Every structure is written in C-alpha cells, then in structure tokens.
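Step one of this worksheet: look at the structure below.
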Amino acid sequence: MIRIFKHYISSAYLGLMIGEWLLFFLAMYLGSDIRFLTVSSWYTDTDIIEASVIFSVALNLSCVGLGLYRRSLDWEDYNLVLRVCISFLIGAIITISIYYLFPKYFMARSVFVYALVFAFLGMMTSRYLFYRYVSLDKIQRRVLVLGTGEKAKQLNYVNNQYVHKGFSIVGFFDVGEESSVVDEKLRIENTQTLAQIVLDYQIDEIVIAIDDRRKAMPLNELLDCKALGVQIMDLLSFYEREQGLIYLDGLTLSWVLFSDGFDFSGLRSAIKRVVDIVASLGLLVVTWPFMLLTALAIMLESGVKAPIFYRQIRVGEQNKNFGVMKFRSMRTDAEKNGAQWAQKNDDRITRVGRFIRKCRIDELPQIFNVLKGEMSFVGPRPERPEFVEGFEERIPFYAERHRIKPGITGWAQLCYPYGANEQDTINKLEYDLYYVKNSSLFLDLSIILGTVEVILWGRGAR
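Add 8 to a position in the sequence shown, counting from 1, and you land on the number used in my numbering.
Given below as structure tokens:
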C-alpha cells in the first residue's frame, strides 16, 4: 500500500493501472502501424502521440470508473469480461467525442478499431498474468498478529474475499489472553522471543490486536522487532490501510485526537466548494435530458396532479437541518405510518421509482442542494433527523460525520451496499469516518470516478 494525499492506494493495482495505460498507449501506435503497413501514413509522429495519449487516458479513466483497479474488488462482483467490455465502450465514446469536438486529433476509423482490438487483447493478457502471479505467497506481506482473541480472529476475514490479497497472516502470537479463539494451527506460543519468531517466519509486519489492553504488551521485544525493519501497526491503522475504514470497535477519542487527518481548514473548504460547483454544473449539463424524461415518466405513471419531486428533511453540516430534493420514487402515501427504512423489494416503490433508484437518477435533483451550498458533491449521505437522534445516543462517534457537508455520493456508497438497519448504519459509519478523516481533492475525484460503477452495477440501490 502507498498513501497519496492521505488516501491509501494498492501499489499492486497502481502498478497494474500504469502498465495498462502503457499498453493502451502502444495499442494506438500498433494500430497505426498495421493500418499503414503497405502505404505511407498521412499522420505525423506528433499526431500519433497525441491520439495515443487521448485514447489511453480515456480507456484508463473508464476502467477506473468501472472499478477495475478497486482494491476491494471481490469474486462476487468481479465479472472481468463484462466490466472490460463496458469500460471499453465508455472509453470509445469518450475518445470519439473528443475526436469530433476537436478534429485536429481525429484518427481514421480503421486505426481506432485496430487500437481497440490490441488494447483489449493486451488488457486480457495483463489481467491473466496479474491474477496468476501477484497473489503468490512469496510476494505477499507476511503479517504476525499479536493476540489470539476475537479482534485477532476477525483479521482472518479482512481480505479473504478479495480477488487480490495484499497480505497473508502467518500466525497469532499468544500474549496470555484469557480466551483464545483463533485457529490452533496458526497459534504461536510465546516460548521464543518475538525477534526470533520474526526471523524464523520472515515477518514483514506485526499487528497489535489484543482484546484486553490491560494486558502488558512486550514493548521491549516489539522495539527489537522494529529495529529489525519490521513495521509495527495498531489495529485501527491496519484496518484504515487495508479496508479503507475506521474500525469502530477499537476507536478511542485519544486515537482521533493524535492521528493525522480530520482537517476542516478554510482552504480545504474553499477548494471543495469550487469542485462542488464545477462538478454539479457539469453533471447538470449532461443529465438534464434524463431529468426531463424522468419528470415526464413520473407524471405519466402517477398523474398530472401527483408531485414529481419529493422533499425530505435531512441533517446536514453541524447538525443543521435542510430539505433534500429528490425525484419521487414512492407512492404519495408511502409514509402514512411514519418514517421507515426502504426495504428490498419494497412495495411502496413505484415502477418508475424502481428504475430511477437502480440507476440513481432519483438523486439528480440534489444538484440544486449542492449549488445552494446545503450539500457537497462528495460526502456522507445525509440522514433523517428521526433516525439521527437515536444513532447519536447509541453509536459512538456518529456525530463526527456531521463535521462536514453531506454529499450526493460518498466513500460509504462505493464500499458498502444500501443500509437498511442500524447495523448497516454502523458499518457505513466506519467508511464515513475514513472519508471525514482523510478527505482531500484526490479522494473526492476518486469517489466521483468510482460512482460510475455504482450507477452501472446498481450497487447499493434499493
């Protein structure tokens, strides 16, 4: 893992992205060479370089948007060929649009087709090699867990479902906890010093996951390990790096106070506001035809007199309430029995509503909330005051998500499915806190690109 502007990026996927960008760049060159194999080319070297840059950047960005470089990509939502095909379609549309808007960069259709074919074959080859070799044990980080209780056991499942596993747990070092629940085969008794275990097992990192912090930690032995070049990590930092969340079960006020991040300075807010306005106006220009069609569809289904929009009170920055604006996706009497969660296959949702929720079109009117300054383009999703009051009483650190403006899209929306109960709220809060802590322009742009995957795959929609 490497950290860019406070956000953790998988070095393996970053290398893959750079490598595939180079493949896409060379594909345009090769396409031009094949097209003009028997005749002289009418393109200069500069023309080919410019066209290759446009082509490779467009394909790379569309692959990012489809989640092909997402570190948490698992086998359940992998669908490599389908993702690649859709990303190539989007990349091709972007490239062709640029060619027609700026004729100077236009390339012959035959060159473009050749480039797409070579890029596709190159990407399939690179993915095959990547997933065959990058998860080999000898190139994974070898982790020793200090502890054998419940917190230690949970680390077994941190990256089990991922396509690419960045680390492997070599064993769990017993520090004398009262209840040991880890696999006995991986349990390492404290009959040797930590330094000797590190050398014997070729350990790269030690993660401290002791349930009872009152237990004395072998500090001198940990210092010896650090002197050997082994990284020592607390449980919170490990989860933050590996899963992009703040682990609530181990979160303390002192960790929040002394950790980096949680920066809400004036300059950061000013930059974010500029990005909000530019992104919202850009989205409005692109989506206004869809918004118009949605309004007509709602009118046709529910009648001319039925409301098209739906206003709902939500909690915003610094706990200030505001009226969020959405296309109406439920029946007009949906909440006659009071506020309630949307459930899977909820019968209150209309036919038009089901479609626009799946595609996230119902969220588009929130662009006007962003332009008014009530919301940001990226941030934690705003929640209803009826729920917030109870959450703040029962869930530690829930109020911290209101330190910044809520958003149309957010880190939790990319990383976690739709929340329909309090446990889901707790799980999503872990991702929201990661965003609040590590908020940056780089992370915002990453989330905006990643939202393409959420829309096309319908992840989290209900």
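C-beta atoms are modelled at their ideal positions from N, C-alpha and C, and glycine is treated no differently. The structure displayed is predicted, hence computed values, not measured ones.
Within 10 angstroms of the Cβ of residue i, are there 16 or more other Cβ atoms? Answer buried if so, exposed if not.
| i | result |
| --- | --- |
| A160 | buried |
| R117 | exposed |
| L231 | exposed |
| K413 | buried |
| T260 | exposed |
| I357 | buried |
| L137 | exposed |
| L472 | It is not possible to answer for residue 472, since the shown part of the chain is limited to 9 through 470. |
| V119 | buried |
| I12 | exposed |
| G398 | exposed |
| M225 | exposed |
| V47 | exposed |
| F110 | exposed |
| Q374 | buried |
| I26 | exposed |
| G157 | buried |
| E401 | exposed |
| N446 | buried |
| Q200 | exposed |
| G184 | exposed |
| S187 | exposed |
| G99 | buried |
| P388 | buried |
In chain order, what residues of the same chain lie with their CB nearer than 6 Å to the CB of residue i, ignoring the 5 residues before and after it?
| i | result |
| --- | --- |
| S454 | none |
| N68 | W29 |
| R339 | R356 |
| I10 | I17, S19 |
| T459 | T417 |
| A420 | K436, Y439, D440 |
| E197 | D182 |
| S267 | none |
In this structure, how does DSSP classify residue i when only helix, strand and coil are distinguished?
| i | result |
| --- | --- |
| V189 | coil |
| Q200 | coil |
| H15 | strand |
| I416 | strand |
| L22 | helix |
| Y108 | helix |
| A469 | Because A469 carries a pLDDT of 45, less than 50, the predicted location of this residue cannot be relied on, and no value is offered for it. |
| N329 | strand |
| L152 | strand |
| Q210 | coil |
| E461 | helix |
| K334 | strand |
| V293 | helix |
| E28 | helix |
| G179 | strand |
| V142 | coil |
| I218 | coil |
| R411 | helix |
| Y165 | helix |
| F128 | helix |
| R195 | strand |
| F114 | coil |
| I147 | helix |
| Y471 | The question about residue 471 has no answer here: the residues shown for the chain are numbered 9 through 470. |
| P425 | coil |
| V323 | strand |
Give every residue of the same chain whose Cβ lies closer than 8 Å to the Cβ of residue i, excluding the five residues on either side of it in the sequence, and list them in chain order.
| i | result |
| --- | --- |
| R392 | Q320, I321, R322, V323, A347 |
| R362 | S337 |
| R150 | F175, S176, V178, Y209, Q210, I211, D212, E213 |
| F96 | L67, S70, L124, A127, F128 |
Leaving out the 5 sequence neighbours to the left and right, which residues in its chain are closer than 7 Å to residue i when beta-carbon positions are compared?
| i | result |
| --- | --- |
| M131 | E28, L31, V92 |
| C423 | S80, G252, Y439 |
| V166 | E250, Q251 |
| T302 | F335, I364, I369 |
| F272 | R411, I412 |
| A59 | M36, Y113, M115 |
| I463 | C367, R368 |
Cβ-heavy atom distance between residue i and the ligand ZN below 6 Å?
| i | result |
| --- | --- |
| E400 | You won't find the ligand ZN in this model; it holds no ligand whatsoever. |
* Where are the beta strand (DSSP E) runs, 3 residues long or more, that stay fully inside the segment 227-291, in chain order? -> 239-242
**Study point:** Given 8 Å, three or more beta-carbon pairs between the segment 329-343 and the segment 286-298
**Key:** no
Open item on the list: I want to know whether the segment 174-181 touches the segment 121-140 - three or more CB-CB distances under 8 Å.
Closed with: no
(Q) Could you tell me which whole alpha helix (DSSP H) segments of length 4 or greater appear in the segment 427-458? (A) 430-446
Specify whether the segment 272-289 and the segment 380-395 touch according to this definition: at least 3 beta carbon pairs, one from each stretch, less than 8 Å apart.
-> yes
- What residue ranges within the segment 352-407 form continuous beta strand (DSSP E) runs of no fewer than 3 residues, ordered along the chain? 384-386
Practice task
Run through the segment 34-81 for me and flag every whole beta strand (DSSP E) of 3 or more residues, listed as ranges in chain order.
Solution key: none
Counting beta carbon pairs with one atom in the segment 196-213 and one in the segment 36-56, are three or more of them shorter than 8 Å? no
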